[in-house]
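Number of protein chains: 2
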Amino acid sequence: MGDRHMGVTGSLEPCADQDYPDCGVRHLLDRLGDRWTVLVLAELSAGTRRFRELQRALPGISQRMLTLTVRRLERDGFVERTVYPSVPAQVTYELTARGGSLTRQVRHLVDWSAEHKDDLTASRREYDARRRNA
Amino acid sequence: MGDRHMGVTGSLEPCADQDYPDCGVRHLLDRLGDRWTVLVLAELSAGTRRFRELQRALPGISQRMLTLTVRRLERDGFVERTVYPSVPAQVTYELTARGGSLTRQVRHLVDWSAEHKDDLTASRREYDARRRNA
DNA sequence: CGGAATCCAGCGCGATACTG
DNA sequence: CAGTATCGCGCTGGATTCCG
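Which chain is which? The protein sequence lines are A and B, in order.
Under my numbering, the first residue of the first sequence carries the number -5, and numbering increases by one thereafter.
Under my numbering, the first residue of the second sequence carries the number -5, and numbering increases by one thereafter.
The following block contains the structure:
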């Protein structure tokens, strides 16, 4: 039980990296945790998109955040950016194989959260109710 | 291709919730995305822990953040908090079944990121190098 | 069209001090 | 031991402006 190096059914193996723990999942979760990355992945998983198309598909996103989000995805090799030297400029974004792989992982999380959504909501209401009466 | 409602191998199904998209994954990723939640899950997946034990196991966490993190996990029903009315007070935390389920999901992400860590690092270096020369 | 640059508000989080 | 309360900084992300 004290063994932190078990298989898939075991623990998560805590890991003390220097100055920022988590062995690299941290970087991934930093991206997935931000406001738009998952939505961009979702939209791109439906096919190649131009900048404008992404923006229209993601109501509320600012130009700045869309740029930052796709840039970071491109930097990590999740998205490929293609510039067509037309006038006006035309740029398309599409998932790479790695991006598709990540998206499928994310989908598992999405499915899991969908499965447990009602339970979570109930737990929260219960907790808040108990707190108010205390 | 335009179908956003495919099966597991398909897209992520973008979803326009009101005022905050993502259909509930958002709330989950908000937690997983913060600095300490995954680390706490990791530690608790190794067994029941007292407040102090968690704090010692998570170098750098402040009392405040540990409290907030376990509170939110408790609120969502991922962690059970037990108070023993001894003097001084003694409180233990342990994963619930739901918390264990979530932790296993997280583990998949951890495994995935471990698998692709080197590729990501390489992609970033490549991207940054290209940027500097441009 | 597809950005980059700048300014600014919110809040996540750390540090510190106090409590049952 | 296991918290709660308060303050303050940094970073994320929104709004706006300008550019090729």
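Ideal placement from N, C-alpha and C gives every residue a C-beta, glycine not left out.
The structure presented is a predicted model; accordingly, all values stated were derived computationally and were not measured.
Residue i: contacting residues in chain B (beta-carbon distance under 9 Å)
i	result
R92 (chain A)	H110, D113, L114, S117
L48 (chain A)	The contacting residues do not exist; L48 (chain A) stays about 11 Å from chain B at best.
Selected residue, minimal CA-CA separation from residue i, among the options
i	options	result
E74 (chain A)	A:R44, A:H21, A:R25, A:A116	A:R44
R92 (chain B)	A:T63, A:L48, A:D112, A:A123	A:D112
L48 (chain B)	B:M59, B:A123, B:V34	B:V34
R66 (chain A)	A:T31, A:N127, A:R126	A:T31
S39 (chain B)	B:Q84, B:F72, B:R124	B:F72
Contact list for residue i against chain A, beta-carbon separation under 9 Å
i	result
V73 (chain B)	Within 9 Å Cβ-Cβ: nothing; V73 (chain B) doesn't reach chain A, min ~11 Å.
L60 (chain B)	In chain order: nothing, as chain A lies at least about 14 Å away.
Identity of the residues DSSP links to residue i by a beta bridge
i	result
L89 (chain A)	A:V73
Q84 (chain A)	A:Y78
L43 (chain B)	Residue 43 (chain B) is actually Arg in this sequence, not Leu. R43 (chain B) pairs with B:Y87.
Amino acids of chain A, ordered along the chain, whose beta-carbon sits closer than 8 Å to that of residue i
i	result
R69 (chain B)	S117, R118, Y121, D122
Q99 (chain B)	H102, L103, W106
Beta-carbon spacing of residue i, residue j below 9 Å
i	j	result
R25 (chain A)	D70 (chain A)	yes
Q99 (chain A)	L114 (chain B)	no
L96 (chain B)	W106 (chain A)	yes
T42 (chain B)	E109 (chain B)	no
G27 (chain A)	D28 (chain B)	yes
Straight-line Cα distance separating residue j from residue i
i	j	result
R(-2) (chain B)	G94 (chain A)	Note on R(-2) (chain B): pLDDT 36, under 50, position unreliable in the model; no value is reported.
L62 (chain B)	E68 (chain B)	10 Å
S56 (chain B)	E37 (chain A)	38 Å
R118 (chain A)	R101 (chain B)	24 Å
T86 (chain B)	T76 (chain A)	53 Å
R124 (chain B)	A116 (chain A)	50 Å
E120 (chain B)	R46 (chain B)	43 Å
Within chain B, partners of residue i - CB distance below 7 Å
i	result
Q84 (chain A)	Chain B residues near Q84 (chain A): none, gap ~19 Å exceeds 7 Å.
S107 (chain A)	G18, V19, L22
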